[in-house]
Structure formats: structure tokens, C-alpha cells
Amino acid sequence: MEKTQFKTESRRLLDLMINSVYTNREIFLRELISNASDAVDKLYFRSLTDQNVGLEREDFSIRITVDKEARTFIISDNGIGMTREELDSNLGTIANSGSLAFIRENEGLEDIDIIGQFGVGFYSSFMVSKRVTVITRAYGSEEAWQWESEGLDGYLITSAGKDSVGTAIILNLKDNNDEDNYDEFLDARKIKSLIKKYSDYIRYPIKMDMEKQRLKEGSENEYEPYVETEILNSMVPIWRKNKSELTDEDYFYFYKEKFFDYENPLRVIHSSTEGRATYNALLFIPARTPHNYYSKDYEKGLQLYSNGVLIMDKCADLLPDHFNFVRGLVDSQDLSLNISREMLQHDRQLKLIAKSLEKKIAGELLDMLNQQREEYEKFFKSFGLQLKWGVYNQFGLNKELLKPLIMFYSSREQKLVTIEEYIGRMQEDQKYIYYAGGDSIDRIDRLPQTELVKDKGLEILYLTDEVDEFTLKVLHDYDGKEFKSVASGDLGLESEAEKESTAKQAEDFKELFNYMKEALGDKVKEVRLSQRLKSHPVCLSSEGILSLEMEKILNAMPSENQIKAERILEINAHHPIFATLKDLYEHDRDKLKAYSEILYDQALLIEGIAIEDPVAFSNAICNLMV
């Protein structure tokens, strides 16, 4: 019998299918199982209204059989089968989907979760097969038919013998070569793992005979092989069960097994949403950061399922960057997939689901903060940096969502606090939310710039992460209260009388400070009398947008251009050093110049900024000691 040729368009498409559309050859198993599931679905729905079917729900199944010697892989089902005309139409014309036609014909039926709608999945089998044979018998027919093809050369349809309704697809696997090992698809363990990965939640049992070992009867150490039919899939996904059916242990077991973590998650978000965005989601907030979390190797994303079939292992578009630590999955039948079902089309539905998930995650974190403070602090120590970066990122686009969730160490409480909690403790006449930045809490606590604020009994937020001050700059204020660095030029703590006194003193010592400014050149914008210092002789403050901490962080980045904050050298008039400076201005201005350099370098060291000439600084100190 002469082979029937694929239509010209189908030949081109088949060549594309084999060589381009699918990027991962193991996908063929997912596609064939999905097609088998669709065939079973069709007959099952028929059985609801046709008593002649003679099968109950539990009678339906999908079976996989391998023959290593013959190098065949067989997947069979007891679904609705195909007539000769359907074989010719569905398999002879690529992208002609029988499943899609079935959906259109039965739009009124509920719970139709037909997976294959493109009509191209079957042809993925040619990625691993040199010959594909389909033997099928349609429901209501006594005739069976065989479709056979070796690919682009066309196909042959002949009559066949088959005792029962359904379809069997026989793949004659390609021979191994230097690059490809097709034997892996004859290995039972490999097949089991692929089904677990892609098709674990197909709603009908996927059966396969597995070789096992057991003790021989009457023996204590001698084993014998035997074969047992095993169901390879779970069938009912946990996320489609009612919450009332599940315990914390069920969720924790699933999480650990699915995402390879040894700790229980801090929170579980189990959501079923209908409406503009219809989907099921099962999300987990981990208790700790993955080992590669802050490296370029870390990939964000949720597992994406379509009707229980795994489409993508990490769908990055479903998670915003500030929640990239969340693990879990989404199952939806409403997403637009590309023809290979390996990638998503970026459509409105995807964006709706992503936005909905973002709100759910933020709400869950806020609830954890309010109801389980210790758990939240544990979470924040692991992932708080990501939340703060999320506030700063995209010019503050997400700041309103994230700002209630961020925390900083409090000088008063000596623990992490929210900004809202800080505001709740503010003094009645307090204008600003004060903060100080540095490498560590201990170092910040000893900064000279904190003295006045602490002396006034005011709370200070300690910023120890590089992104912290940038985050506050983006926020600008919280409930109308502006953020103010303790190292800023004006702390807003002086009364009018104090301001007048300061101005008078500044005028009295104007010439001294001008001389020190000239001695330091462009290293500082100004030398002035300090109102913030109590016990320390000197400190640096800054004016303008750029702070000293921001300067350090930005200059630590690889760049040829170094930036510099507007530095102010502040001198404590109540410290003995000030009397020395006044005396030197009157009697030894050269020495005053040296003192100015030393005081400036000391101020830099206090800030954790490297001095320009350590040798000169060391020599100057030694000169004072002799």
C-alpha cells in the first residue's frame, strides 16, 4: 500500500516540530501522556450519559510498557480511540486538534480539563523515535486501525486487530550516538522520575510493570526478582484539595519533598481564585535563604502547571523581584501557552495572576509581622534585604506595598522595629525620624554624631545594610514624618535661642575656621562649630542629597569616577582641643595647619573612610608625641 504524504504545510511544520519547537526531548512523554489523558477524559464524559460505555471512573487508566531488546516504548489508554477518518484527520494534518474540537462541541459541560488543544504534541515523539506506530479502536466501532510513519516521508493507514477500545502508541526509539543516549527512555526509574516531574497530577492512574526484589520464601538472605504493577503518579494534586482536608504536616511534607528543603516553611499560602484570574496556588515562605540566594546563580520563579501538567519549572514572570524568595506553584488553565507548551505568552492573564499573587504574599507577610513577631523577625533576618531593595528598586514603584514590612535596629529598643512602631514612640514635638548608618550596630552606637540625638532622648534607627539609606531616600517620609540622618548638617533640634548663640560663636571664631578650611582646601566644604558633639573632639557631617555612607557605598562599586559628599568638619567647642586650636591660630598657624589635617583624618577614620595618606598621618601623630 502506498504511503499518504503529509500536506506540504504539514511537512514543513513537522520538520519544525522535530528540530525547533521543542527544546527538551523528554517533553515527548509529557505530551503523549497528556494526549492519552484527553482520550480517557472524552470517554469518561461519554460514560456520564451513555450507559453502554460500561466503565466506571476507577476503570480508566494509562499504561506504559517498554521492551529493551526491541527498543520499543509503548503508551496505551482505554480512552475513546479514533476512527480511520479521525486518524487521517488528526495525525495526517499537523496542528489539527481533536481535543480542541471536543471542547468546542461540549462547551456546556462542566469540569472539562482537556489538556492538548494545539494538536502538535504527538509529533514530539519523532524527537526520540525513528518510527511511530498508532493502533486504535474507536468507541462504538468493531474496527481497529493502524497509523505508521517514519517522519517526513509520510504515513500509512491499514486495518489492524485490537480487542478493546482505546489507543496504543508504539515508539521505536532511535539508535544511540556520541551525543544522544536514547536508552534512558527504556529505563523504568528514568520514566518514573519524568512522570513524577511532568505528569504527576494527571487524574487517571499511569501504570507500569516494575521489576523488584523480594526474599525467597524460606530464605533469610537470598532474593528473587518479581514484577509488580505500580501506579507512578499521585493523580490528585494537593493544591486542588480543600484546606480542611489538609494538615500542616501535609503541607510541610509536600514542601520538603518538592523543593528539597530540610526546614519547615514559615508560612503556607494555599489559594484558589476565580474571576478575571482563575488559578490555584500553593506558595511557601522559606525559613532560611538558599545557599546561592545572593549569587547570580539563583533563579526566581514558581512552578507552572496547566491542568496538573508541569509546563515550566521556574516561571519568573509570576513573582516580582522583591518576593523572589517565595517557592511554590501555580496551576491555571487560562494562561496562553506557546505551541510547544514550554513557554508562556506574555498576556494580560499572566499579569493579573502575578499581581494577585503579589498582594497575597504581602498580606501574608504583614499578618506574620502582626501575629507571629518572632517568626517574622526570623524571616526578615534572612530576606529583609530583598524587601528593602524592593522599596528602592524601580524608583520606588513598590514602596507603598513594602514599606510596612521593612525593619531596622532601634537604639532604644535594641531590636528590630518597624517604622510605624518608631513613629508611635516619637516625642510630641519631634519633627524627624532619625537614623544613622554604618558597618555594624556597635560601630554606629559609638558614632560621635549620635550624641546629641541620644542626649535628647530620641530614638535612632541603625542602618547596617548598603541599601538602607537609599531605601529611606526613596521613601522620603513615612506618614508625613521625614527621615533625617544624624550626620546631616541641620538636625532640627536647636531652639531659637540656641541658634542665636551658635551663630554668635560662629561669628566670633569665623577667622579660625576660615583658616582651617583654607588649610584643608577642597577636602571639606566648610569647617564649623558643632552643636551635636558632647565628648568627642571632631566629626564629619554632610549637606546635600549625598551622605557620607552613600558616598562610601557608591565609591566601592567598580567605576573610574569617584564621587564625594559635601563634607563639613565639625569642631567641639567644649573639648580641650578647641582651646589648643584657638591658641595655635594666635601663635603658630603652621602647626594649626598640621592639626587641621590630623583632625580631618581622625574624622575620616571615625566614619570608616580611608585616609588619603596614612604615612603622613602617622608621621604627624609622631611629631606631636616628641
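Here the numbering used here = 1-based position in the sequence shown + 6.
In this text, a Cβ means the ideal position worked out from N, Cα and C, and glycines have one as well.
All values derive from a computational prediction rather than experimental measurement.
Beta-carbon contacts of residue i that lie in its chain and below 6 angstroms, excluding the five residues immediately before and after
i: aspartate 215; result: Val233, Thr235
i: serine 82; result: Arg69, Ala174
i: lysine 540; result: Glu457
i: tyrosine 382; result: Met374, Leu375
i: asparagine 625; result: none
i: phenylalanine 258; result: Asn270
i: tyrosine 285; result: Thr279, Val336, Ser338, Ile359
Residue i burial status per 10 Å Cβ neighbour count (16 or more: buried)
i: leucine 221; result: exposed
i: glutamine 455; result: buried
i: leucine 575; result: buried
i: tyrosine 311; result: buried
i: histidine 482; result: exposed
i: methionine 631; result: exposed
i: glutamine 400; result: exposed
i: cysteine 628; result: exposed
i: arginine 63; result: exposed
i: threonine 164; result: exposed
i: glutamine 309; result: buried
i: aspartate 44; result: buried
Cβ distance (whole Å) where residue i is taken to contact residue j below 8 angstroms
i: isoleucine 275; j: alanine 287; result: 7 angstroms
i: alanine 562; j: leucine 535; result: So it is not a contact: roughly 32 angstroms between Cβ atoms.
i: serine 553; j: glycine 495; result: Actually they are not in contact, since the Cβ atoms of serine 553 and glycine 495 sit about 11 angstroms apart, beyond 8 angstroms.
i: isoleucine 86; j: tyrosine 145; result: 5 angstroms
i: tyrosine 210; j: serine 67; result: 6 angstroms
i: leucine 605; j: valine 544; result: 5 angstroms
i: glycine 527; j: lysine 437; result: Not confirmed; about 35 angstroms, so no contact.
i: asparagine 41; j: glycine 127; result: 6 angstroms
i: alanine 293; j: lysine 384; result: 7 angstroms
i: valine 315; j: serine 205; result: 6 angstroms
i: isoleucine 237; j: isoleucine 212; result: 7 angstroms
i: arginine 246; j: tryptophan 151; result: 36 angstroms between Cβ atoms; not a contact.
Rounded C-alpha distance that separates residue i from residue j
i: aspartate 337; j: lysine 366; result: 16 angstroms
i: alanine 442; j: tyrosine 299; result: 28 angstroms
i: glutamine 433; j: valine 242; result: 57 angstroms
i: serine 388; j: isoleucine 291; result: 11 angstroms
i: leucine 192; j: phenylalanine 34; result: 14 angstroms
i: serine 503; j: isoleucine 425; result: According to the sequence displayed, residue 503 carries alanine and not serine. Their Cα atoms are separated by approximately 32 angstroms.
i: lysine 531; j: glutamate 419; result: 36 angstroms
i: glutamine 339; j: serine 301; result: 34 angstroms
i: histidine 297; j: lysine 460; result: 39 angstroms
i: isoleucine 447; j: methionine 318; result: 43 angstroms
i: alanine 509; j: glycine 369; result: 51 angstroms
i: isoleucine 617; j: glutamate 555; result: 15 angstroms
i: glutamate 92; j: isoleucine 141; result: 12 angstroms
i: serine 225; j: glutamine 219; result: 13 angstroms
i: leucine 179; j: lysine 198; result: 18 angstroms
i: glycine 104; j: tryptophan 153; result: Residue placement at glycine 104 is poorly supported in this model, since its pLDDT is 44, which falls under 50; the coordinates are not used for a value here.
i: lysine 523; j: valine 533; result: 6 angstroms
i: tyrosine 484; j: leucine 372; result: 17 angstroms
i: serine 147; j: lysine 168; result: 11 angstroms
i: tyrosine 521; j: lysine 597; result: 12 angstroms
i: leucine 635; j: glutamate 406; result: This structure does not reach residue 635, given that the chain is present from 7 up to 632, and the question cannot be answered.
i: alanine 76; j: arginine 137; result: 13 angstroms
i: glutamine 392; j: asparagine 330; result: 8 angstroms
i: valine 473; j: tyrosine 304; result: 20 angstroms
i: arginine 431; j: leucine 469; result: 19 angstroms
i: glycine 98; j: serine 131; result: 15 angstroms
i: valine 480; j: phenylalanine 414; result: 16 angstroms
i: arginine 52; j: serine 95; result: 21 angstroms
i: glutamate 156; j: methionine 133; result: 11 angstroms
i: isoleucine 583; j: aspartate 445; result: 28 angstroms
i: isoleucine 84; j: arginine 195; result: With the sequence shown as reference, residue 84 is identified as asparagine, and isoleucine is not the correct amino acid for it. Computed Cα separation, rounded: 24 angstroms.
Cβ shell of residue i (< 8 angstroms), same chain only, five flanking positions each side left out
i: proline 326; result: Ala360, Glu364, Gly396, Asn404
i: glycine 463; result: Gln433
i: valine 621; result: none
Residues near residue i in its chain [Cβ-Cβ closer than 7 angstroms; skip 5 each side]
i: leucine 200; result: Glu32, Leu35
i: glycine 160; result: Lys9, Thr10, Gln11, Phe12
i: tyrosine 601; result: Leu587, Leu590
i: leucine 341; result: Ser312, Leu350, Gln355, Leu356
i: serine 362; result: Thr279, Ala283
i: tyrosine 261; result: Asp267, Pro271, Phe290
i: serine 135; result: Leu177, Asn178, Leu179, Lys180
i: glutamine 608; result: Val544
The ligand ZN heavy atom lying under 8 angstroms from the CB of residue i
i: glycine 224; result: The ligand ZN is not part of the structure shown, which contains no ligands of any sort.
Is the region 581-591 close to the region 503-522, with three or more CB pairs under 8 angstroms?
-> yes
Between the region 484-493 and the region 436-451, do at least 3 Cβ pairs fall closer than 8 angstroms?
-> yes
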